[in-house]
Amino acid sequence: MEKKLKLIIPWSNSPGVRKMLLCMKLTLVISLVAVLQTWAAVSYSQTTTLSINLKNATVQTVLQQIEDQSEFYFLYSRSLINVDRTVDVQLKDAKISEVLYALFNGADVAYKVDGRQIVLSKKSESSAFDMQQQKSISGKVTDSSGASLPGVSVVVKGTTNGTITDSNGVYSISNIPVNSTLQFSFVGMKMQEIKISNQTSINVLMVDETIGIEEVVAVGYGVMRKSDLTGSVGSVKSEVLKKQSVASFEQGLQGKVAGVQVTATSGSPGGTVDIRIRGGNSLTSGNQPLYVIDGYPVTAGGSAGGSGSGQNPLATLNPGDIESMEILKDASATAIYGSRGANGVVLITTKRGKTGKTTVNYDGYAGVQQVAKKLDMMNATEWGTMANAAAANDARPAYYPSATPNPLYPAISELGEGTDWQNEIFRSSAPIQNHNVTVTGGSENTKFSVLVGYFDQESVVKNQDFNRISFRNNIDTKISKRINLATSFTASRVTSNVGRENGDGGGNTSIINAALVMPPTVPVFNPTTGDYTSMNFLSGGSAVPNPVPYVNFLKDKGTIDRVLGSADLSVSLMEGLTLKFSLGADLSSALREVYEPKQTNTGYNANGIAQQQNNRNQSLSNENILTYLKKSGIHSINAMIGTSALSVENKSSSMTARNFISDIYEYNNLDAGATWDKPYSGRDKNTLLSGFGRLNYVLMDRYLITVTGRADGSSKFGTNNKWAFFPSFAAAWRMDQETFMQPMNWISNLKLRGSYGITGNQNIPSYSSVEKMNTYVYPIGGITNVGIAAQNMPNPDLKWETTAITDIGVDFGFLENRFNLTADYYYKKTTDLLWNISVPLTTGFSSVLKNLGSLENKGLELSISADVLTGDFKWNTMLNWSANRNKVLSIPGYIPSQQGTISGHLKVNGSWLEPGLPVGVWNLLKTTGVMHTQAERDAAARVASTTFDQVGDMGFYDKNKDGKISFGEDRTIVGDPNPDFIFGWTNNFTYKNFDLSIYINGTYGNDIYNVLRAETNIVSTWGNQRKEVLDYWTPTNVNAKYPRAHVLVNQNMLQSDFLIEDGSYLRVQNLTLGYKIRKSSFFQSLRVYVTGQNLLTLTKYSGYNPEVNSQGQSNLQLGVDYNAYPASRSFILGVNIDF
0 MEKKLKLIIP
10 WSNSPGVRKM
20 LLCMKLTLVI
30 SLVAVLQTWA
40 AVSYSQTTTL
50 SINLKNATVQ
60 TVLQQIEDQS
70 EFYFLYSRSL
80 INVDRTVDVQ
90 LKDAKISEVL
100 YALFNGADVA
110 YKVDGRQIVL
120 SKKSESSAFD
130 MQQQKSISGK
140 VTDSSGASLP
150 GVSVVVKGTT
160 NGTITDSNGV
170 YSISNIPVNS
180 TLQFSFVGMK
190 MQEIKISNQT
200 SINVLMVDET
210 IGIEEVVAVG
220 YGVMRKSDLT
230 GSVGSVKSEV
240 LKKQSVASFE
250 QGLQGKVAGV
260 QVTATSGSPG
270 GTVDIRIRGG
280 NSLTSGNQPL
290 YVIDGYPVTA
300 GGSAGGSGSG
310 QNPLATLNPG
320 DIESMEILKD
330 ASATAIYGSR
340 GANGVVLITT
350 KRGKTGKTTV
360 NYDGYAGVQQ
370 VAKKLDMMNA
380 TEWGTMANAA
390 AANDARPAYY
400 PSATPNPLYP
410 AISELGEGTD
420 WQNEIFRSSA
430 PIQNHNVTVT
440 GGSENTKFSV
450 LVGYFDQESV
460 VKNQDFNRIS
470 FRNNIDTKIS
480 KRINLATSFT
490 ASRVTSNVGR
500 ENGDGGGNTS
510 IINAALVMPP
520 TVPVFNPTTG
530 DYTSMNFLSG
540 GSAVPNPVPY
550 VNFLKDKGTI
560 DRVLGSADLS
570 VSLMEGLTLK
580 FSLGADLSSA
590 LREVYEPKQT
600 NTGYNANGIA
610 QQQNNRNQSL
620 SNENILTYLK
630 KSGIHSINAM
640 IGTSALSVEN
650 KSSSMTARNF
660 ISDIYEYNNL
670 DAGATWDKPY
680 SGRDKNTLLS
690 GFGRLNYVLM
700 DRYLITVTGR
710 ADGSSKFGTN
720 NKWAFFPSFA
730 AAWRMDQETF
740 MQPMNWISNL
750 KLRGSYGITG
760 NQNIPSYSSV
770 EKMNTYVYPI
780 GGITNVGIAA
790 QNMPNPDLKW
800 ETTAITDIGV
810 DFGFLENRFN
820 LTADYYYKKT
830 TDLLWNISVP
840 LTTGFSSVLK
850 NLGSLENKGL
860 ELSISADVLT
870 GDFKWNTMLN
880 WSANRNKVLS
890 IPGYIPSQQG
900 TISGHLKVNG
910 SWLEPGLPVG
920 VWNLLKTTGV
930 MHTQAERDAA
940 ARVASTTFDQ
950 VGDMGFYDKN
960 KDGKISFGED
970 RTIVGDPNPD
980 FIFGWTNNFT
990 YKNFDLSIYI
1000 NGTYGNDIYN
1010 VLRAETNIVS
1020 TWGNQRKEVL
1030 DYWTPTNVNA
1040 KYPRAHVLVN
1050 QNMLQSDFLI
1060 EDGSYLRVQN
1070 LTLGYKIRKS
1080 SFFQSLRVYV
1090 TGQNLLTLTK
1100 YSGYNPEVNS
1110 QGQSNLQLGV
1120 DYNAYPASRS
1130 FILGVNIDF
């Protein structure tokens, strides 16, 4: 099987490249030596402020007070400078340039600031040339509304000469060369540069900053200007999340960042989500990224799972809390997280307070959801007719009517439409609502942000819902001039009725499976007894139960309580040097309570079943980080070193009771059950100690270097490999800053990036490397004995998986960054794969976990953003596209084989694992279509069963040409779940007070293993069939698409590409129309909006939803659809008010 797009590095082994890399290394060494030799102090004059309140004082007195308050010192001659002149100086927190201007304005004194040295001279002593070339400039700075802007920094570019605007937005600055340029900068607004030329007055209009190269983004253990980034980092802002009605923030990432694939593994509210950044790196360890919330690394947390759909612990975080999310993708960005960075890192920054008056914001919506698509199943008459045809083909008596009169088996003419089981379990409409109230404010010393949130979503499946109550409080306190304290506290409770999503007709109930497979001829209630019908009573059919009692009576409640808090104490030791102490805790408790009453089939057989599962997680962290920022002339350095200690502990237990005398107790009194299963309890703990550092050096705002390293010691690994080091190196060149680029002034940003580094993956159970003991029960002489024996074979050499990442990228912006493009090529190679390898049985074990084997991911990413129209009618568009290729390179000692089964009772095989192939491919028989005629039948290869080897049956490809079909000999690669590419496209339109946003996403080239077809498309009385199956072969319909009907199931069809479908899709995921009402006496602003979610999907896929993986976050089973919930379509009305 060959993919359509091939990614190759044509120069990777070139001798010339190796020489170039050597030259780069030498250049780097020489550059660093030059930097150390020419390094100067940071501009002291730009950071020091003075407060002077003197009246009728001599100039000498003022100069003395400046020296007393600071490290400045003056050089001057008394014979030239009149320091006995009296002046009035009243300034607070002023820069030295402002003080000197106030002191010598109008006097015959020239001054020059050089570091901490200030030289005073007589203006008249200056040369005529200097006098002609120096001038003074004044003006006013306003914002887009015409309001004055105080506090704007005005600096002569390339010098320390500068000032700030006063309370009226006015500035004045002197001693400026005629050919110089003024820089105007203000937080949150775009920096402007204006050449002086012959002007004496310059008025400036400042505009709000849009996303661009000066934007500050979060990186590991700090922040950095986007222009200084050397790595690959994607960003999603809070405004994007606001436009989506999602229960968890991970869903808000879908299609927003190139290289990030997001798949909802469950359609139920609050269900789990699978995120893969640049493909999967592991076969047995986790492929999920590391999440860091306000600097605190968090795990997924506790989830008391089971046969239900499972809860998503990350859904405990309210998306309304989030200010921004940064996705770190390459080694330059992720290596700082060492053994946890191989799968990428998602940095989450929550909202914090701002200086100013207290503001209150309400953001809420309410709406309804509907099933986006129902499957078109046969009605009772159609199914009964097919069942009789199947019976005739297999030489059995007809089912309808039965030989003996039975109201459950009437004549075909009496069947009618029968039971629509989908209508029985789906709600016609399911409500959804979300409410967030945020209070923000603060003074110069204390800033705060408090949010209270409530989210409630009912599932489109009856008796299932998701509810979250959340609270967040972030406080920033300036304790003193040098000490700051930042605290973050989040608490939430999630409750959900998770229902029964997983399972199959083999005994473990799935509501979706039962609703689709249960024949429409079966009524909800038995017409004779009036009770619920229990199971499919057709002989040879699936043992699927009646789903209606499950949606009406099953109790399956999950509750997760989570508290996440951190405190950061920052101490400024000296100029540019800051030490931060951080303490954090992440505490979660998950409880799952289940009761299956006697109305359900499983509850009836056990006379009621009650279960309680508990899972408690505790994560404690300490980090100590020293940061050094220094800028001098053309040099800039951002250095950081730190240590970290993390302890994670999990405790779990479960209890099950059966045989209840009454259903009244449900799960509240397990002691009421007469029979108890063996209880379970367990404890798990692991620790991680780390030291890390990063150096970011910028030369002339053009040449950038980032060096990162982290050493991790983990308790999870063997005694011989407790520690490992993870380094990275990156460099970037801002070509747009070069003088030769000045003629092309339409290019506003052009940066070339390259990085290489090593990251790790330690996402394995805590005690994988040691020998674990377990209890075993065995009888001796009729007496039950309990003993202890080894559970696994230890491996003292066990270590983390290692992923080496190479990234080459370009950032391109033009027309003042109105149009932007980012492109990346990456290559990732993971070695030391953790894999269970077979060992001789003489060891007492069948396998042992070892590090062996490797796989690779390589791909392209492209992101485009543009302000297409900027007038009254504004149009902004953002498009991202990415393609990843995945391949297993080697697994020494491993024999390629099938990786388990998807459904045990159907005997549907799982994926195929083999070096040289992508992960997750399917190695199955290939169908050749229905054998329509005897001639086609005679030309086809034989199958083992004569029942399925007749005219009208399915034919199969004879790979080895031996004339007979054998699964082991004739199977071939028939499908690949990995997409050729994924994409997301957002368009935002604004006209006056109206705004419209449209978001589209999709995938192309991926296959889906639609296992449900093994039950609903096999033309069998196993269960109800899709209506399209009515085109089955009969003597009068010889050109049919589907084979002839059978009572039994053709097992060869279940092991073939008959189950493989094209999963490509394009979806209108979100459309929002809003209207903003301007300020009134009651509110500052008000926006009303309507949103449609999941409005349209274009796909060839026949199932409920092409965005699916029923196997959850499995590394090996990808793109599987078996009993997955349908996607919902929602319509909501929302309002956002600022008071």
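With numbering that gives the first Met the number 0, you'll find the sequence shown wraps up at 1138, consecutive numbering, no jumps. Cβ atoms here follow ideal geometry from the backbone N, Cα and C, with glycine treated the same way. Computed from a predicted structure; not experimentally measured.
Using a 10 angstroms sphere on the CB of M743, the tally of other CB atoms stays under 16, which defines it as exposed.
For A101, there is no enclosing beta strand (DSSP E); the enclosing alpha helix (DSSP H) has its first and last residue at 95–103. Residue environment: L289 is assigned as buried (16 or more neighbouring CB atoms within 10 Å of its CB, all protein chains considered). Excluding sequence positions up to five before and after L669, its CB lies within less than 7 Å of the CB of A609, Q611, M654, A656, all in the same chain and listed in chain order. For L563, the closest C-alpha among the options V973, V297, I640, R426 is that of V297. Beta-bridge analysis with DSSP links K630 to S635. Check the Cα spacing between N1135 and each of G808, D362, S196: the tightest is with D362. Cα atoms of Y893 and K650: separation of roughly 35 Å, rounded to the nearest angstrom. Looking at L1029, K54, N311, D952, the one whose alpha-carbon comes closest to that of D393 is D952. In this structure, the straight-line span from the alpha carbon of A638 to that of V697 is close to 11 Å.
Under the three-state reduction of DSSP, L814 is assigned to coil, being neither helix nor strand.
By the Cβ neighbour-count rule, M573 is exposed, with fewer than 16 other Cβ atoms within 10 Å of its own. Residue environment: G157 is assigned as exposed (fewer than 16 neighbouring CB atoms within 10 Å of its CB, all protein chains considered). Taking C-beta separations shorter than 7 Å and ignoring five residues to either side along the sequence, the partners of R395 in its chain run V1046, following chain order. At a cut-off of 3 residues, the continuous stretches assigned as beta strand (DSSP E) that sit fully inside the region 220–279 are 221–224, 232–236, 259–263, 272–276. Burial is judged here by how many other beta carbons sit within 10 angstroms of a residue's own beta carbon; Y72 has fewer than 16 and is exposed. Rounded to whole angstroms, P839 and S845 show a C-alpha spacing of 7 Å. Taking a cut-off of 8 Å for Cβ pairs, the region 354–370 and the region 509–522 do not touch, as fewer than three such pairs fall below it. By the Cβ neighbour-count rule, T985 is buried, with 16 or more other Cβ atoms within 10 Å of its own. Boundaries of the beta strand (DSSP E) around P778: 772–779. Residue state for G672 is assigned as strand, using DSSP reduced to three classes.
Taken in chain order, the whole beta strand (DSSP E) runs of length 3 or more contained in the region 873–930 are 900–902, 921–923, 926–929. A direct Cα-to-Cα measurement between N286 and V1037 gives close to 48 Å. D113 and S196 have their C-alpha atoms roughly 25 Å apart. Runs of the alpha helix (DSSP H) lying entirely within the region 1022–1090, each at least 4 residues long, are 1050–1053 in chain order. A246 is positioned such that its CB atom lies no closer than 9 Å to that of A341. The beta carbons of L148 and A93 sit no closer together than 9 Å. Counting only the Cα atoms, R339 lies some 11 Å from V291. Between Y1031 and Q421, the alpha-carbon positions lie close to 24 Å from each other.
Residue range 993–1003 is occupied by the beta strand (DSSP E) that includes Y1003, with no alpha helix (DSSP H) assigned at that position.
With a contact defined as Cβ atoms closer than 8 Å, S889 and G852 qualify at about 5 Å. When only Cα atoms are considered, G337 and K328 end up about 13 Å apart. When the Cα atoms are used, V1089 and E860 turn out to be separated by approximately 33 Å. Where L49 is concerned, the enclosing beta strand (DSSP E) starts and stops at 49–57.
By the 16-neighbour rule on beta-carbons within 10 angstroms, I335 is buried. When the five nearest sequence neighbours on each side are left out, the beta carbons in the same chain lying within less than 6 Å of the beta carbon of N773 are those of Q790, in order along the chain.
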